[in-house]
Each structure stands twice: as structure tokens, then as C-alpha cells.
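A.B. asks: In terms of the UniProt record's numbering, the sequence shown opens at residue 1 and continues consecutively.
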Amino acid sequence: YMGKSDLEDLHHYATPREQRFRRFASLEFEGQLYMTPYDFIQAVTNDEPKRKQGFYIDKIARENASGVISYTEYLFLLCILTKPHAGFRIAFNMFDTDGNEMVDKKEFLVVCIFSRADDISSSLSDTTLLVHFFGKKGKAELNFEDFYRFMDNLQTEVLEIEFLSYSNGMNTISEEDFAHILLRYTNVENTSSYLENMRCRIPEEKGITFDEFRSFFQFLNNLEDFTIAMQMYNFASRSIGQDEFKRAVYVATGVKLSPHLVNTVFKIFDVDRDDQLSYKEFIGIMKDRLNRGFRANNYVWVVCKEKSICLSQTRAV
1 YMGKSDLEDL HHYATPREQR FRRFASLEFE GQLYMTPYDF IQAVTNDEPK
51 RKQGFYIDKI ARENASGVIS YTEYLFLLCI LTKPHAGFRI AFNMFDTDGN
101 EMVDKKEFLV VCIFSRADDI SSSLSDTTLL VHFFGKKGKA ELNFEDFYRF
151 MDNLQTEVLE IEFLSYSNGM NTISEEDFAH ILLRYTNVEN TSSYLENMRC
201 RIPEEKGITF DEFRSFFQFL NNLEDFTIAM QMYNFASRSI GQDEFKRAVY
251 VATGVKLSPH LVNTVFKIFD VDRDDQLSYK EFIGIMKDRL NRGFRANNYV
301 WVVCKEKSIC LSQTRAV
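#1: From this set, K267, S258, S215 and M286, which residue's C-alpha is nearest C200's C-alpha?
#2: Under DSSP, the alpha helix (DSSP H) around Y194 begins and ends at which residues?
#3: Hey, quick one: how far does the alpha helix (DSSP H) through F150 stretch, first residue to last?
#4: Around the C-beta of K246, are 16 or more other C-beta atoms found within 10 angstroms, so that it is buried, or is it exposed?
#5: Tell me the DSSP secondary structure of T127 in three-state form.
#6: Between which two residues does the alpha helix (DSSP H) holding E176 run?
#7: So, V249 versus L257, is the Cβ gap smaller than 9 Å?
#8: Across the segment 200-209 and the segment 223-239, are there enough close Cβ pairs to call them in contact, namely three or more that are closer than 8 Å?
#9: Could you please give the first and the last residue of the uninterrupted alpha helix (DSSP H) stretch that includes residue 367?
#10: Based on the DSSP output, what are the partners of E28 in its beta bridges?
#11: Residue range of the alpha helix (DSSP H) that N93 falls in?
#12: Which term fits Q231, buried or exposed, when burial requires 16 or more other beta carbons within 10 angstroms of its beta carbon?
#13: Taking the alpha-carbon of I181 as reference, which of V271, F213, R23 and V131 has the nearest alpha-carbon?
#14: Please state if the CB of E101 and the CB of residue 322 are separated by a distance shorter than 9 Å.
#15: Rounded to a whole number of angstroms, what is the C-alpha to C-alpha distance between M170 and L159?
#16: Could you tell me the alpha carbon to alpha carbon distance between T97 and A86, rounded to whole angstroms?
#17: Among L109, P84 and K83, which residue has its Cα nearest to the Cα of F95?
#18: Going by the CB atoms, is the gap between A43 and N24 shorter than 9 Å?
#19: Report yes if the CB atom of T209 is closer than 9 Å to the CB atom of T156, and no otherwise.
#20: In this structure, how does DSSP classify T72 when only helix, strand and coil are distinguished?
#21: What's the gap between the Cα of G138 and the Cα of F217?
#22: Could you say which of I283, V271 and P37 lies nearest to L130 if we only look at CA atoms?
#23: Are L78 and R17 close, meaning C-beta to C-beta below 9 Å?
#24: By DSSP, does T209 sit in helix, in strand, or in coil?
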């Protein structure tokens with residue numbers, strides 16, 4: 001672990017993403033900090049590091065005794081958490097530089113080095129993610145189906161852990177807990193007013209199931225498509241009701257939200273209590289939550305897309 005003086009120094013020189021990585025990373029090798037899979041889960045579900053517990057995601061770590069995640073991989077995994085399923089193919093194509101529908105270790109490393117060269121060390125070949133993708137000898141190849149499954153499982157795993165941290169073994173979480181999770185990484189200054197607004201308008205708790213919880217975050221990962229669709233219908237200058245909202249979400253993203261979930265969302269964000277949601281009341285706030293408080297974490301995603309396009313153009317010549 002880093003000393004107190006080291007942690008204080010980071011706030012002067014590191015970006016918010018680097019600060020968070022260093023605060024949660026528990027391993028150091030040859031001057032480089034690394035996360036365990038558990039550290040990563042902590043970093044995306046908690047405000048501060050907590051005492052270790054046994055989570056299912058540790059099965060990935062058991063495939064490799066080192067069980068480490070580099071900073072570059074941390075950024076990549078953060079990107080995965082906020083990408084729609086349709087974006088998984090784009091992600092795969094970033095790494096498939098020769099276009100043969102398979103990704104090998106060399107292709108993966110080329111893109112990683114291009115995106116964040118200063119985070120690559122000689123020990124990168126031993127990281128958990130690389131062993132999981134390419135085997136202990138690094139000779140295996142990754143197809144799209146396995147890549148898709150990994151990304152989908154990671155999204156689900158993080159949501160399950162976040163849900164279970166509030167459900168206390170029950171099948172549902174309270175509407176108030178759901179609001180806490182949604183508001184957690186936003187720039188909303190007075191979250192208590194949102195919570196009080198919801199308490200007054202939902203006096204009897206029904207609870208939010210995991211399926212409802214997951215469906216809403218699948219929708220949030222498609223928020224960009226939803227926003228574009230709403231702008232086409234001039235949503236930016238007017239408000240919409242619950243039925244119209246639910247229908248628009250399905251048409252724009254293919255995600256079905258339950259009536260109770262939609263009603264809960266409205267009760268949280270409809271601050272003027274007119275039973276309508278405006279662009280400012282919802283989308284503006286949720287764009288912050290989408291990136292879990294780190295708007296810049298798409299850096300690797302954007303750079304990798306540019307690299308993938310360049311390589312594709314080179315192949316076409």
C-alpha cells in the first residue's frame with residue numbers, strides 16, 4: 001500500500017482517474033501499482049477501499065496466481081461498464097487489427113501500448129486480464145463470442161455486487177436505495193432533496209428487483225442513443241410523461257422498463273412535481289452517473305477506436 005505522504009502527493013499531480021486507481025490498488029511491482037480483481041470491484045462500487053470479502057469475480061484471479069490488473073486495463077474495464085451491448089462489436093474490432101475475427105495477445109497489447117504507453121511494463125504479460133483472455137502461455141486467441149460474454153458478465157457482476165450491498169439478502173432493494181445508487185456519482189449537490197421528494201411521493205415501498213435494476217442500467221448504457229432520439233422529437237425543449245418516456249426508451253434502445261421502475265424514476269427526478277420529466281431534470285444528471293463520476297474514462301475507448309480505424313484503412317490499401 002502507498003504511504004500517507006504518497007497519497008497526498010497524488011492529489012497534486014494525478015488525474016481523478018489515476019488518484020482513484022492508486023487509492024484502491026493494493027499491489028506494487030517494480031514501481032508499478034496494480035489492482036486485484038477485488039480492488040477493481042471496490043473502486044467501481046465504493047467510495048473508499050473496504051476490508052476484503054469473498055466475491056464471485058475472484059474466480060478470474062484464481063486462474064492466475066498474480067491476479068493483477070494494470071492501470072490501462074483498469075481504464076478499459078471502466079469503459080466496458082458503460083458501453084451498450086451494441087458497442088461490444090466495436091470494442092472487439094478495435095483489437096482485431098488483422099480482421100480475422102480473432103484477437104491474439106500481440107494485437108491486444110499493440111492497442112493498449114498505443115493508448116497508454118507509460119502504463120505498460122515488462123510484467124504486463126502476467127496480468128489477470130491477459131491470462132484470462134489468452135491463457136498462461138499467451139498462445140490462445142479470443143473470438144467475439146467469448147469477448148462478448150466477458151463484457152456482459154463483467155457488467156452483470158458489478159451490478160449484482162452493487163445490488164447485493166443494499167438488498168441484505170432480499171430479492172429487492174428499496175426505492176430509496178435505488179435513488180442513492182443513481183445519485184451516487186452525479187454532480188447533484190443536494191441529494192437529500194431528491195430523496196425527500198421521493199419519500200413523499202412513494203409512501204409505501206414496493207421494492208426494485210434485480211431485473212428492474214439491471215434493465216435500467218442497460219438503458220443508461222444506451223443513453224446516448226436515447227438522447228439523440230429525444231432531440232429529434234424536440235425533447236430538449238419540452239417535458240414528457242411516464243408512458244411516453246417508457247415507449248421512447250424501448251423504441252430508442254430496445255430496453256423494456258417496468259411501469260413501477262419508470263414511476264420510481266419520475267418520483268426521484270421530477271423536482272417540480274408536474275408528473276413530467278424535462279431534459280434538464282433527467283438526462284443532464286444521468287450523463288454524469290453514466291461514467292461513474294469519471295467523464296474522461298472514455299479516453300482509452302476513443303484512442304483505441306482511432307487506432308482501429310487507422311489499422312483498418314492500412315489493411316484496405
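Backbone N, C-alpha and C fix where the C-beta goes; we use that ideal spot for every residue, glycine too.
Since the structure is predicted, the reported quantities are computational estimates derived from the model, not experimental observations.
C.D. replies: Based on what the coordinates show:
#1: Residue 200 sits at position 200 when you count from the first residue of the sequence shown. Nearest option by C-alpha distance: K267.
#2: As a first step, residue 194 is located in the sequence shown; it is residue number 194 there, counting from the start. Element bounds for Y194: T191 to R201.
#3: In the sequence shown, residue 150 corresponds to position 150, counting from 1. Boundaries of the alpha helix (DSSP H) around F150: F144 to S167.
#4: Residue 246 sits at position 246 when you count from the first residue of the sequence shown. K246 is buried by the Cβ-count criterion.
#5: Position 127 of the sequence shown, counted from the start, is the residue given in the question as residue 127. Three-state result, T127: coil.
#6: Reading the sequence shown from its first residue, position 176 is the one you call residue 176. From DSSP, the alpha helix (DSSP H) with E176 extends over E175 to L183.
#7: On the sequence shown, residue 249 is found 249 positions in, with the first residue counted as 1. On the sequence shown, residue 257 is found 257 positions in, with the first residue counted as 1. When the beta-carbon positions are compared, V249 and L257 come within less than 9 Å of each other.
#8: The answer is no - the segment 223-239 does not touch the segment 200-209, with fewer than three Cβ pairs under 8 Å.
#9: Here the chain covers residues 1 to 317 and nothing more, so residue 367 does not appear.
#10: Taking the first residue of the sequence shown as position 1, residue 28 is located at position 28. E28 is bridged to L33.
#11: By 1-based counting over the sequence shown, the position of residue 93 is 93. Residues G87 to F95.
#12: The residue given as residue 231 occupies position 231 in the sequence shown. That one is exposed.
#13: Numbered from its first residue, the sequence shown carries residue 181 at position 181. When only C-alpha atoms are compared, the closest one is F213.
#14: It is not possible to answer for residue 322, since the shown part of the chain is limited to 1 through 317.
#15: Counting from 1 along the sequence shown, the entry for residue 170 is found at position 170. Counting from 1 along the sequence shown, the entry for residue 159 is found at position 159. Straight-line spacing of the CA atoms in M170 and L159 works out to 15 Å.
#16: As a first step, residue 97 is located in the sequence shown; it is residue number 97 there, counting from the start. As a first step, residue 86 is located in the sequence shown; it is residue number 86 there, counting from the start. CA-to-CA, the gap between T97 and A86 works out to about 19 Å.
#17: The residue labelled residue 95 in the question sits at position 95 within the sequence shown. Nearest to F95 by alpha-carbon distance, out of L109, P84 and K83, is L109.
#18: Within the sequence shown, the letter at position 24 stands for residue 24. Within the sequence shown, the letter at position 43 stands for residue 43. Residue identity differs from the one stated: residue 24 is Phe in this sequence, not Asn. By the CB criterion at 9 Å, F24 and A43 fall inside the cutoff.
#19: On the sequence shown, position 209 is the one that residue 209 refers to. On the sequence shown, position 156 is the one that residue 156 refers to. Against a cut-off of 9 Å, the Cβ pair of T156 and T209 comes out as no contact.
#20: Residue numbering aside, residue 72 sits at position 72 when the sequence shown is read from its first letter. Helix, per DSSP.
#21: The residue you call residue 138 lines up with position 138 of the sequence shown. The residue you call residue 217 lines up with position 217 of the sequence shown. Approximately 34 Å between the Cα atoms of the pair.
#22: Numbered from 1 along the sequence shown, position 130 holds the residue referred to as residue 130. Comparing Cα-Cα distances from L130 to each of I283, V271 and P37, the minimum goes to P37.
#23: As a first step, residue 78 is located in the sequence shown; it is residue number 78 there, counting from the start. As a first step, residue 17 is located in the sequence shown; it is residue number 17 there, counting from the start. L78 is a Cβ neighbour of R17, given a cutoff of 9 Å.
#24: Looking up residue 209 in the sequence shown gives position 209. In this structure, T209 counts as strand in the three-state DSSP scheme.
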